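Let me begin by presenting the structure, written as structure tokens, before commenting on it.
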Amino acid sequence: MKQENRLTIEYCAKCKFMMRSAWIAQELLQTFDGDLDEAALRPSLIPGVWQIFANDQLVWDRKTERGIPELKDLKRRVRDIIAPDKDLGHAETVEPKPETGNLKRET
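In our numbering, the protein residues as written are 155 to 261.
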């Protein structure tokens, strides 16, 4: 029997995180169509909370990670839990960080 995959986004209601949480839930439902069975939004009274869980496993914590992630990073983390073999296409590539120490200003 296939395990049902559940995503939960817990967000601070007073911080106005609901719209972003709903958008992220919609994006993840679309990306993991067939793999993700449910996405739930859970308002919280805990100040500043914004956490994502996949199958009750913490995927992202805004306070620990110091911010809300880019969608491609979140997709990778969710994929690793619910569909490890899924190819995410362009979201799979990691962009190299520019080397700031070797840049020279042209005059």
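Where a beta carbon is used, it is the ideal one built from N, C-alpha and C, also for glycine. Just so you know, these numbers come straight off a predicted model, no measurement behind them.
Residues of its chain near R196, where Cβ-Cβ distance is below 8 Å and the 5 sequence neighbours each way are ignored: T162, I163, E164, Y165
Cross-strand partners of E158 (DSSP beta bridge): The partner list for E158 (beta bridge, DSSP) is empty, contrary to what the question assumes.
Compute the distance between the beta-carbons of A208 and V232, then report whether it is under 8 Å. yes
With which residues is L195 paired in a DSSP beta bridge? I163
Output needed for K176: all residues of its chain with C-beta closer than 8 Å, excluding positions within five of it in sequence on either side, in chain order. Per the sequence presented here, residue 176 reads as Ala, with Lys not at that position. These residues qualify, in order along the chain: L195.
Going by beta carbon distance, what residues of the same chain come within less than 7 Å of D191, once the five residues before and after it are set aside? E158, N159, R160
Using the beta-carbon count (16 or more within 10 Å), is A179 buried or exposed? buried
I need the straight-line Cα distance from G221 to D239, nearest angstrom please. 27 Å
Paired residues, beta bridge with D187 - DSSP: Answer is none; D187 lacks a bridge partner.
With DSSP run on the structure shown, which of helix, strand or coil describes M208? Residue identity differs from the one stated: residue 208 is Ala in this sequence, not Met. Strand, per DSSP.
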